[in-house]
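Report on the structure given below.
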Amino acid sequence: MIHVPTSRTQAVVVDDCPQRTCAVSRCWSWPPPASGIRNDDDSWFPNQPEILVSGILGVIGGEADLRRDSDISAMLAALKRRGDQTEVWRHDGAVLAVARFDWELAPGYSGASLIVHDDDVTVAADATLYYRDELKRRLRLAGSEPRADTPGHLIAAAYRVWGVDCPRYFDGDFAFVLFDHGRRCTFAARDVLGRRGLHLAKVGDALLLASSVSAVVAHPRCSAEFDRVALAETISVSLSGEERTPYAAIRAVPAANWLLRREDGTISRGRYWEFPPERDESESSFDAAV
Numbered sequence: 005m006i007h008v009p010t011s012r013t014q015a016v017v018v019d020d021c022p023q024r025t026c027a028v029s030r031c032w033s034w035p036p037p038a039s040g041i042r043n044d045d046d047s048w049f050p051n052q053p054e055i056l057v058s059g060i061l062g063v064i065g066g067e068a069d070l071r072r073d074s075d076i077s078a079m080l081a082a083l084k085r086r087g088d089q090t091e092v093w094r095h096d097g098a099v100l101a102v103a104r105f106d107w108e109l110a111p112g113y114s115g116a117s118l119i120v121h122d123d124d125v126t127v128a129a130d131a132t133l134y135y136r137d138e139l140k141r142r143l144r145l146a147g148s149e150p151r152a153d154t155p156g157h158l159i160a161a162a163y164r165v166w167g168v169d170c171p172r173y174f175d176g177d178f179a180f181v182l183f184d185h186g187r188r189c190t191f192a193a194r195d196v197l198g199r200r201g202l203h204l205a206k207v208g209d210a211l212l213l214a215s216s217v218s219a220v221v222a223h224p225r226c227s228a229e230f231d232r233v234a235l236a237e238t239i240s241v242s243l244s245g246e247e248r249t250p251y252a253a254i255r256a257v258p259a260a261n262w263l264l265r266r267e268d269g270t271i272s273r274g275r276y277w278e279f280p281p282e283r284d285e286s287e288s289s290f291d292a293a294v
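My numbering numbers the first residue of the sequence shown as 5 and each following residue consecutively.
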């Protein structure tokens, strides 16, 4: 029998939990690490490990009191295991924030800027991009010169050229939230393997985004009601789906997916990469097969 806790305090991450397990209750010691669910606040699904590096969040649209300093601080506090250096950016109905440790600020990693402001684009990224020289070459051929080679600057330059298709040009692990000042829209995406977390919830007309489930549910206006089916399936080490989390109000942005929130609150979603279809070789000749 599975006991489902009912209070918000039991549902948030508890750093002093000896087992440091699924973070839904102080007392659970199941599943063991070998099950494929990593023992921290970000992995809710088996066999889908994420990397704990930077933490990002966004609160977009909706009522002004959804973006109070205390609410953003509560979300950032839930990301404290991802960084002790923080930056919060606010602009006309949108808030982005980043938590990052000092070592990530070195050249070759995220660079000195926590949040990248690049003309009419602002980027909060948890990203490691590979083959940057090749990406810069493609950007220059497309007519976009990156201002720097940090992940945030490269994401901004790629978005200007390729729009919602830009993630298909990135090779690496990433999750990011980008605010387009000119179009007054918000764009977010996650890497092909889902190595960096990105979760969302809708609260009225507002969109909450964060690296971890715990950061989203830390917002006082986000419902902490459990999705009992998803929770039971997660604990039994059964895949509950790409999007479901133990909280009914919170969904994961699936791997290789993007979302776009427009100024009027409408949201479009898409997938930028698919596994290549399997070839049907059942009718191949022996000579062709060998």
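Where a beta carbon is used, it is the ideal one built from N, C-alpha and C, also for glycine.
What residue range does the beta strand (DSSP E) around Leu133 cover?
Taking the first residue of the sequence shown as 1, we reach residue 133 at position 129. From DSSP, the beta strand (DSSP E) with Leu133 extends over Val125 to Leu133.
Sub-8 Å separation of Phe180 and Asp130 beta-carbons
Walking along the sequence shown from the start, residue 180 turns up at place 176. Walking along the sequence shown from the start, residue 130 turns up at place 126. Against a cut-off of 8 Å, the Cβ pair of Asp130 and Phe180 comes out as a contact.
Straight-line gap, Val99 to Gly62 (C-alpha atoms, nearest Å):
Numbered from its first residue, the sequence shown carries residue 99 at position 95. Numbered from its first residue, the sequence shown carries residue 62 at position 58. Our two residues, Val99 and Gly62, have alpha carbons roughly 5 Å apart in a direct line.
Phe279, buried or exposed, once every other Cβ within 10 Å from all chains shown has been counted against 16
To locate residue 279, count along the sequence shown from 1; it is residue 275. By the 10 Å Cβ count, Phe279 comes out exposed.
Proximal residues to Arg164 (C-beta, below 8 Å), its chain only, five neighbours per side dropped:
Residue numbering aside, residue 164 sits at position 160 when the sequence shown is read from its first letter. Within its own chain, the residues whose Cβ lies closer than 8 Å to the Cβ of Arg164, once the five positions on either side in sequence are excluded, are Val125 and Ser148, listed in chain order.
So which of Asp122, Ala222 and Gln89 has the shortest CA-CA distance to Asp106?
Residue mapping note: residue 106 aligns to position 102 of the sequence shown, counting from 1. Nearest neighbour of Asp106 by Cα position, chosen from Asp122, Ala222 and Gln89, turns out to be Gln89.
Would Val207 be called buried (16 or more neighbouring beta carbons within 10 Å of its own) or exposed?
Position 203 of the sequence shown holds residue 207. Burial call: buried.
Out of curiosity, what's the CA-to-CA distance linking Leu118 and Glu91?
Locating residue 118 in the sequence shown gives position 114, where the first residue counts as 1. Locating residue 91 in the sequence shown gives position 87, where the first residue counts as 1. Take the alpha-carbon of Leu118 and the one of Glu91: they are about 6 Å apart.
Can we say the stretch 231-239 touches the stretch 209-223, given the rule of at least three CB pairs closer than 8 Å?
Flag = no, the stretch 231-239 and the stretch 209-223 do not touch.
Output the distance between the C-alpha atoms of Ala228 and Met79, rounded to the nearest integer angstrom.
As a working note, residue 228 is residue 224 in the sequence shown. As a working note, residue 79 is residue 75 in the sequence shown. Approximately 14 Å, taken between the alpha carbons.
Give the DSSP-derived three-state secondary structure of Val257 in the structure shown.
Counting from one through the sequence shown, the residue named residue 257 turns up at place 253. Coil, per DSSP.
Going straight from the alpha carbon of Gly198 to that of Leu139, what length do you get?
The residue labelled residue 198 in the question sits at position 194 within the sequence shown. The residue labelled residue 139 in the question sits at position 135 within the sequence shown. One Cα belongs to Gly198, the other to Leu139, and the distance between them is close to 21 Å.
For Glu246, which residues from the same chain have a beta carbon less than 6 Å from its beta carbon, with the 5 sequence-adjacent residues on both sides left out?
By one-based count along the sequence shown, residue 246 stands at place 242. Take Glu246, set aside five residues on each side of it, and the residues of its chain with a beta-carbon closer than 6 Å to its own are Pro258, in chain order.
Look up Glu108 in the DSSP assignment and say whether it is helix, strand or coil.
Here residue 108 refers to the residue found at position 104 when the sequence shown is read from its first residue. Residue state, collapsed to three classes: helix.
Once DSSP output is grouped into helix, strand and coil, what is the label at Asp96?
Locating residue 96 in the sequence shown gives position 92, where the first residue counts as 1. Note: Asp96 maps to coil in three-state DSSP.
Is it true that the CB of Gly115 sits closer than 8 Å to the CB of Leu83?
Here the question's residue 83 lines up with position 79 in the sequence shown. Here the question's residue 115 lines up with position 111 in the sequence shown. Taking the C-beta atoms as reference points, Gly115 is found no nearer than 8 Å to Leu83.
What are the complete alpha helix (DSSP H) segments, minimum 4 residues, inside the stretch 153-236?
As for any alpha helix (DSSP H) of minimum length 4 sitting wholly inside the stretch 153-236, the runs are 155-166 and 217-221, ordered along the chain.
From Tyr135, Ala253 and Pro224, residue whose alpha carbon lies closest to that of Arg72:
The sequence position of residue 72 within the sequence shown is 68, counting from 1. Nearest C-alpha to Arg72: Pro224.
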